[in-house]
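Notes for the one structure printed next.
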């Protein structure tokens with residue numbers, strides 16, 4: 042069975058064949074810079090208490106962490122935006138495992154700084170059956186210690202690739218969340234975490250399922 046890592050590896054191979062070497066080098070350089078910045082040390086980890094929050098979903102309905110936890114354990118996925126191919130691959134992989142995640146007694150929710158209109162497009166494009174919450178100005182992602190500014194050297198590269206971060210997020214901060222996955226129990230305690238300053242590395246849905254089944 043093809044894993045998310047396999048899908049990403051195939052994409053990376055095609056990306057290396059199709060993008061100019063200077064663009065690939067800029068991407069690699071900024072990833073190394075983010076890794077060296079210590080960004081990963083600020084994120085909430087297993088054993089920490091999750092911050093409480095309320096956000097609007099893709100339809101504009103306000104939902105809180107308490108609402109979700111009242112239904113059971115929560116799998117929470119932070120993603121950068123529907124413009125990010127790695128995020129779409131991860132969202133698709135999570136959707137494929139959604140029946141098993143729910144069978145394990147958990148609810149799956151994604152959080153992104155992209156506007157509700159854009160998150161609705163992301164949801165429809167990927168045929169997602171779980172909620173996407175609008176984290177305006179990355180307020181919740183900041184409370185989890187995940188936020189960074191897209192390096193200036195990378196911004197013209199994104200423009201060349203047709204990616205308009207301010208348009209997607211509805212602001213001009215160029216702030217993004219480090220992609221992250223959490224499992225939170227009904228007391229609000231984090232039972233599992235995964236994040237990496239290298240945005241090409243994502244939590245494997247199989248590992249999430251294994252964790253849920255072992256709880």
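In this note's numbering, the protein residues as written are 42 to 256.
Idealized CB from N, CA, C, for every residue including glycine.
Nothing here was measured: the structure is a model prediction, and the numbers come from that model.
The beta carbon of residue 64 sits closer than 6 Å to those of 198, all from its chain and outside the five residues before and after it, given in chain order. Residue 113 and residue 233 have their C-alpha atoms roughly 15 Å apart.
Excluding its 5 nearest sequence neighbours in each direction, residue 174 has C-beta neighbours in its own chain below 6 Å: 96, 98, 152, listed in chain order. Exposure of residue 200 is indicated by the presence of fewer than 16 other C-beta atoms within 10 angstroms of its C-beta.
Boundaries of the alpha helix (DSSP H) harbouring residue 52: 45-59, taken from the DSSP string. Rounded to whole angstroms, residue 129 and residue 228 show a C-alpha spacing of 30 Å. In the structure shown, the three-state DSSP call for residue 199 is helix. Remark: C-beta atoms of residue 162 and residue 123 approach each other more closely than 8 Å. The C-beta distance from residue 253 to residue 224 rounds to 7 Å, short enough to meet the 8 Å contact threshold. Membership of residue 249 in the alpha helix (DSSP H) is indicated by the continuous run 246-255. In this structure, the CA atom of residue 121 is about 21 Å from the CA atom of residue 66.
Residue 162 carries a helical assignment under DSSP once its states are collapsed to helix, strand and coil. Residue environment: residue 118 is assigned as buried (16 or more neighbouring CB atoms within 10 Å of its CB, all protein chains considered). A Cβ-Cβ contact shorter than 8 Å links residue 148 with residue 115. Shown here for residue 89: same chain residues with a beta carbon closer than 7 Å to its own, the five before and five after excluded, namely 231 in chain order.
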